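Scroll down for the structure; my scribbles are underneath it.
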Amino acid sequence: MTTAQALIKFLDNQYVNVDGQEIKYVTGMFTIFGHGIVLGIGQALDEDPGSLKVYQGRNEQGMAHAATAYAKQNNRTKIIACASSIGPGAANMVTAAALASVNNIPLLLFPGDTFATRQPDPVLQQLEQSNNLTITTNDAFRPVSKYWDRVTRPEQLITAMINAMRVLTDPELTGAVCIALPQDVQGESFDFPVDFFKKRVHRITRPTPVSEEIEDITKLILQSKQPMVICGGGVRYSNAGEALTKFCEEFNIPFAETQAGKSACISSSPYNLGGVGVTGNLAANTIAEKADLIFAIGSRLSDFTTGSKSQFKNPNAKFITLNVSKFHAGKLDSVKAIGDAKAGLEAVGMVLREAGYHAAYTNEIQEAKNAWQKEMDFFKDYIYDEEFKPIVKAGNPGSIEEFTKLTKSNLTQVAALCMIRELIDEDAIITGASGSLPGDLQRMWTTDAKDSYHMEYGYSCMGYEIAAALGAKIADPKKEVYAMCGDGSYLMLHSEALTAMQERKKINILLFDNSGFGCINNLQMSNGIGNLATEFRYRDNEESSSHDGDLIAIDYAMSAAGYGLKTYTVKTLEELREALIDAKKQEVSTLIDIKVLPKTMTEGYKSWWNIGIASTTTKQSVQDAYIRKEENLKSARIY
């Protein structure tokens, strides 16, 4: 058979075994056919796709985002592969590959490649490097992939795919896997051994940390009085949320959530503080300040989680980690235990139980949660009226009044989120990635529905939101899925909304229109920079270096209606309520264009983010920002 035919037959026979449950691993393929793929993989899928379902993407980056979200929503036990043409089709998937690798989500990519024979070179869309003829566009995948290979002879497919599956199904190594397929090799034939196509079951196991490492970290827990647990994405992928909740309740230890870890555990637990760090809430960051031990489980310990390593201000605080990755476990100079989150927690719990350990907290946890609840109560009723004051102080106050006149809206972002949480189904899945929404959601969103919070914040990639909603819906078709999307992200990439319509997979797009890149506008203006290219304004003066005209009025509902979505435009809480209720009744995908006032997202709570600020400037406001940064650096850890 041809290389492409062998590839499809191989993919159709891959399974994983998790906790004794056998699951078909590759369920389909996203593709946008082009000249580098349509007569190879395309022919193979047309002749005999087996049980693989073919999905027609609209943008290669978007379809790969959808595949990533599908894998994430399935807790990495199922994937949809992606195939593209050479050149721009392949290049479009590079961003998606980086996103998957950063977040440790399996993503299998098959970009078409130029001719292995080089006979027709340069073929259409071929990138030529005169100093190295082996380089093609697909070499751009090397730094963003966890495994990369190029199949230049049919028989190479055997080792390429066996290694691809090795990496994809390894909880420590998983991420993007790129197998470049020259278009001529796809059609070449080879007498493949029958064993290559046998059913292969890849075990995803739960390695328990060795006893010496358990002893190392439990020793520090037993010495601590006010420890704190950080629940990372590894808790979610290990299905260890219930185990972690019980662990913390038994030993009187509060826990906080990263973006990836949120919804692994129930929000209603009295020990769940919510999001921690730069986008964390008041409760979690208050406890984090004084904690004498930080126990990070399944976390990459990114700068947002650690407040750029300044979040944990107790000078005597120690750090321990439980992680399948030695690389991530070693961060912050931690004492580490290498292993599965659930298996590791069980082992640690046995030691603490035998020692009769109980953390020394009395009323501190509940007091911190009560203080945060007061903030939430304020957000619920926060609208634009005669007493209105913007939550976020940084920015151009005039833009709020201008936006109100333009849209006739009195709706704030935080009040809108409170109402959305109140009205959508408890088990509804929300997806997100970028802008101010991830910060508001990590702080404000609560749910007891497992894995219903689907945030990509490792790469924080604009354009992931809507494609991710499609991937999550394919993974979990019985649940309502909502893409939490800013106007900037919608403009960046919304093409897979049409794929959702084509597949009859209902998604709901909640589009927050504040006429700009709101969170970046806050960032620049809070650090002394002017309002430069972050609001959506006309350029009225050709001599001006920036956009100095009126805000641009955009009817996003009209754009989505053209795809066939049921759409709404809302400017008040009552209009939002009516739209959310009606949207749940629809059978087609929906978009609610929510006109929200600028500067009405949450502020930071007892946290700091280290960013590059000019050390030499003539502007006093920038000088002041640089001085604040230098002061904050004094409390940041080096490791």
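Going by full-length UniProt numbering, the first residue of the sequence shown is number 1, and it counts up by one from there.
Even glycine gets a Cβ: it sits at the ideal position worked out from N, Cα and C.
If you're wondering where the values come from, they're calculated on a predicted model, not measured in any experiment.
Closest Cα partner of residue i within the set the options
i, options, result
"residue 166", "107, 363, 192", "107"
"residue 476", "428, 445, 467, 458", "428"
"residue 608", "484, 275, 279", "279"
"residue 336", "297, 405, 170", "297"
"residue 90", "68, 141, 117, 47", "141"
"residue 201", "63, 162, 444", "162"
"residue 310", "603, 52, 276", "276"
"residue 378", "399, 407, 414", "414"
"residue 169", "269, 517, 115, 18", "18"
"residue 508", "224, 13, 591", "591"
"residue 113", "184, 230, 250", "184"
"residue 351", "409, 212, 485", "212"
"residue 237", "254, 517, 260", "260"
"residue 574", "443, 436, 423", "423"
"residue 84", "59, 302, 518", "59"
"residue 640", "264, 299, 255", "Outside the displayed range of the chain (1 to 639) lies residue 640, so it cannot be described from this structure."
"residue 137", "489, 180, 100", "180"
"residue 57", "506, 538, 467, 537", "467"
"residue 411", "176, 330, 550, 577", "577"
"residue 451", "82, 405, 542, 257", "257"
Three-way DSSP call (helix, strand, coil) for residue i in this model
i, result
"residue 200", "strand"
"residue 172", "coil"
"residue 101", "helix"
"residue 438", "helix"
"residue 397", "helix"
"residue 181", "strand"
"residue 3", "helix"
"residue 186", "helix"
"residue 502", "helix"
"residue 151", "coil"
"residue 296", "strand"
"residue 348", "helix"
"residue 651", "With the chain covering 1 to 639 only, the question about residue 651 has no answer from this structure."
"residue 535", "strand"
"residue 639", "coil"
"residue 324", "coil"
"residue 15", "strand"
"residue 513", "strand"
"residue 132", "coil"
"residue 126", "coil"
"residue 543", "coil"
Proximity of residue i and residue j at Cβ, strictly below 8 Å
i, j, result
"residue 500", "residue 461", "no"
"residue 41", "residue 186", "yes"
"residue 644", "residue 11", "A query on residue 644 cannot be resolved here, the shown segment of the chain reaching from 1 to 639 and no further."
"residue 4", "residue 44", "yes"
"residue 570", "residue 594", "yes"
"residue 86", "residue 126", "yes"
"residue 293", "residue 320", "yes"
"residue 455", "residue 417", "no"
"residue 122", "residue 93", "no"
"residue 431", "residue 69", "yes"
"residue 400", "residue 527", "no"
"residue 512", "residue 392", "no"
"residue 551", "residue 388", "no"
"residue 253", "residue 227", "yes"
"residue 95", "residue 16", "no"
"residue 472", "residue 61", "no"
"residue 518", "residue 621", "no"
"residue 641", "residue 580", "Residue 641 is absent from the model: the chain starts at 1 and stops at 639."
Residue i - containing beta strand (DSSP E), residue span
i, result
"residue 485", "481-486"
"residue 454", "453-455"
"residue 408", "No beta strand (DSSP E) holds residue 408; DSSP gives it neither H nor E."
"residue 644", "As shown, the chain starts at 1 and ends at 639. That puts residue 644 outside it, with no answer to give."
"residue 336", "335-338"
"residue 432", "429-432"
Opening and closing residue of the alpha helix (DSSP H) in which residue i lies
i, result
"residue 466", "464-475"
"residue 622", "620-633"
"residue 306", "303-306"
"residue 311", "Here residue 311 belongs to no alpha helix (DSSP H), and DSSP marks it neither H nor E."
"residue 556", "556-561"
"residue 523", "518-526"
Proximity test, residue i beta-carbon vs the ligand GTP heavy atom, cut-off 7 Å
i, result
"residue 181", "Ligands in the displayed structure: none, and consequently the ligand GTP is not present."
Note to self: Report the start-end ranges of each beta strand (DSSP E) in the segment 569-615 that is 3 residues or longer and not cut off at the edges.
What the structure shows: 590-595
Next item on the list: Entirely within the segment 209-290 and at least 4 residues each: give me those alpha helix (DSSP H) ranges in chain order.
Entry: 211-223, 233-237, 241-251, 282-290
Next item on the list: Any chance you could list the beta strand (DSSP E) runs of at least 3 consecutive residues sitting entirely within the segment 36-124, in chain order?
Entry: 53-56, 79-84, 107-113
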